[in-house]
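Let me begin by presenting the structure, written as structure tokens, before commenting on it.
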Amino acid sequence: MHVAQIDSGASSGRRPLSGLVQVPARALGAVPPPLLVLLGVISLQVGAAFAKQLFTMAGASGVVALRLTFAALVLLVVWRPSLRLDRTTLAVVAGYGAVLAGMNVCIYQAFERIPLGAAVTIEFLGPLAVAVLGSRRKLDVLWAVLAGLGVFLLARVEGGLDLVGVGFALVAGALWGTYILVGAKLGSRTTGGSGLALGMAFGALVAAPFGIAEAGTALLNPAVLVAGLVVALMSSVVPYSLELEALRRIPARVFGVLMSLEPAVAALAGLVVLGELLGAWQWVAIGCVVIASVGSVTTAKSARTPEDTAAN
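Spelled out as structure tokens, the structure:
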């Protein structure tokens, strides 16, 4: 569900691309950076909620295929990447695209089975694990334990969650963590957004068979195509442009703290858009993961790059 930023000065997860959309710079410049990040997070999670509503029409994998295909088309048009790549770079691009596709397919399968907020909270363990495991500070053990407690509460209290859905969310989180690491390699071997564009295109090709197998000719329905484009815009284009502008004006650590709100925003989007009710203890569980993420970022000895503080 995320598109990692692989440029210098950009964030991981599904992060911004320079020149992706032409938004008046003066208009964005008048908006406080924290508000830009929050609006980007809201757009992303509301887009995810809207995508979930399309599952009855095109299936979870079908929606993923549409989103990645439209995103790839936009990126290819914007960046016009060269196809002249050495074997190592080509392998990195292919690996990046495969992980991207797998991550999106898994989290959308999780969305189909468990509430949006719960799925995003569990998935958020991926980037949090990358940050914690990459640190030698004893305090990070506390954040890891707190995050683990949050997921335990989500999965067990008040009737619990569908275990298959939890499993898909955990796999998506593991792939998200892997995706951050692979994205760093991609950024070191490509320039601008060319690597991301090619990786996204490869990811769309990987996801296409799953989408076709599940949705079939429904993917050619004009209404489904339009809805898929809307999902791509809400979950990719809008967050990209807003977060890019924010990253130009705030430190990466502040950006990471703001991104830590994603699980809570996802839960609210699920409640408002989908009517997904969570119990009191499940809200406590989401709070545990949010606090763990914020704590991991704010107590770091040195400012982290957005790749370390990523977020669907």
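Take the sequence shown: its position 81, counted from the start at 1, is 81 in full-length UniProt numbering, and no numbers get skipped.
Where is the CB? At the ideal position from N, CA and C, for every residue including glycine.
Around the CB of T299, fewer than 16 other CB atoms lie within 10 Å, so the residue is classed as exposed. For S260, no alpha helix (DSSP H) run applies, since DSSP gives it neither H nor E. DSSP, reduced to helix, strand and coil, places V31 outside both helices and strands of the structure shown, so it counts as coil.
By the CB criterion at 8 Å, V237 and G97 fall outside the cutoff.
The Cβ neighbour count for Q53, taken over all protein chains shown within 10 Å, is under 16; the residue is labelled exposed.
For secondary structure counted as the alpha helix (DSSP H) over 4 or more consecutive residues, the UniProt domain "EamA" (164-296) holds these complete runs in sequence order: 194-215, 222-232, 238-247, 252-259, 262-274. Note on geometry: alpha-carbon atoms of T69 and K138 lie some 43 Å from one another. Only exposed fits R87, as fewer than 16 other CB atoms lie within 10 angstroms of its CB. The beta carbon of R67 sits closer than 8 Å to those of A51, N104, G228, V231, A232, S235, S236, all from its chain and outside the five residues before and after it, given in chain order.
Around the beta carbon of F111, 16 or more other beta carbons sit within 10 angstroms, so the residue counts as buried. Nearest in C-alpha terms to L85, of all of L133, L278, F210, T191, is T191. A distance below 6 Å between beta-carbons, with the five flanking residues on each side excluded, links V92 to the following residues of its chain, in chain order: K185, L186, R189.
Pairing V166 with L242, the inter-Cα distance amounts to about 31 Å. In chain order, D140, W143, A144, S296 place their CB closer than 7 Å to the CB of V132, counting only its own chain and leaving out the 5 sequence neighbours on each side. Judged by DSSP secondary structure, P127 falls within the alpha helix (DSSP H) whose first and last residues are 125-133.
For the pair L154 and V257, the Cα-to-Cα distance works out to about 22 Å.
Two segments are said to touch when three or more pairs of C-beta atoms, one from each, lie closer than 8 Å; by this definition the segment 29-44 does not touch the segment 197-211.
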